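Step one of this worksheet: look at the structure below.
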Amino acid sequence: MSSLSNYILQRADLPPREIEWFEAQAERRLLAKGEVFCRVGQSDHELGFLESGILQVFTPGSDGRNIVLDFIFRGGMALALDAAVKGVPSEVGMQAVIPCAMWVWPYRLRQEAAARHPEWNTLALRMTEETFSRKQQRYLALRQRTARERFADMDKELPADWRLIPQHLLAAYLDITPQYFSRLKHEAERLAPPPTAPSE
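In terms of full-length UniProt numbering, the sequence shown opens at residue 1 and continues consecutively.
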């Protein structure tokens, strides 16, 4: 799980024995497309590290349709953070957009980890800060940037794997109709520079 080790070490100064201990507590989980990692209303919270695949984060809308809040890509952590910290049922769900491979831990393991080494608290703090920053950026983008600008920003804000996400989910993420998303996509393809011929 070298990708997990890299994730941890980029955010906290934990010794190898601590990371090995954490890895040993993990449960391997494979999700088929459409399978749920976190249910709306789930109170037994879990932390998941996404080794491969893409998860959508959503919440039910008043019209019965899901509101797409975010996506989690390979190398990211999945957790209903607000609910887990408060100890209340989750208001969001997480579902596999494409097949996913994950390492999963019960959220309650955090207490044992914190008792073992203080840097686990540092990791938890960094994860919380990153989640808050991501939410704030998304909030501002939806209110300050046009749909065309938000579409153009996807290449900068999301990993290249965003192209594997179905168009209707991307449209929901940008808060536009699938028809308008298709129009923006065709415009971008038309304006894209032609591929350069390989040099001989």
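Glycine residues also receive a C-beta, built at the ideal position from the N, C-alpha and C atoms. Only a predicted model underlies this, so the values are computations on that prediction, with no experimental measurement involved.
Option nearest residue i by Cα separation, candidates the options
i           : options               : result
residue 54  : 110, 173, 164 and 153 : 164
residue 158 : 73, 181 and 107       : 73
residue 40  : 31, 56, 181 and 51    : 56
residue 75  : 103, 60 and 58        : 103
residue 124 : 106, 71, 8 and 95     : 8
residue 44  : 84, 187 and 61        : 84
residue 98  : 148, 50, 66 and 110   : 50
residue 285 : 93, 100 and 58        : In the structure displayed, the chain extends from 1 to 200; residue 285 sits before or after that span and is not available.
residue 16  : 63, 117, 27 and 144   : 117
residue 42  : 122, 113, 59 and 156  : 59
residue 170 : 66, 4 and 11          : 66
residue 52  : 3, 87, 21 and 82      : 3
Residue i in three-state terms, based on DSSP
i          : result
residue 28 : strand
residue 3  : helix
residue 46 : strand
residue 35 : coil
Exposure of residue i, with buried meaning 16 or more beta-carbon neighbours within 10 Å
i           : result
residue 90  : buried
residue 280 : Nothing can be reported for residue 280: it is not among the residues displayed for the chain, which extend from 1 to 200.
residue 80  : buried
residue 139 : exposed
residue 46  : buried
residue 111 : exposed
residue 191 : exposed
residue 174 : buried
**Message:** Report the start-end ranges of each beta strand (DSSP E) in the segment 56-140 that is 3 residues or longer and not cut off at the edges.
**Reply:** Fully enclosed beta strand (DSSP E) runs of 3 or longer: 66-73 and 93-106.
**Asked** Would you say the segment 122-133 touches the segment 160-174, given that touching needs at least three Cβ pairs under 8 angstroms?
**Response** no
**Request:** Quick one: which unbroken alpha helix (DSSP H) runs of 4-plus residues sit fully inside the segment 137-196? Chain order, please.
**Result:** As for any alpha helix (DSSP H) of minimum length 4 sitting wholly inside the segment 137-196, the runs are 147-157, 167-174 and 178-191, ordered along the chain.
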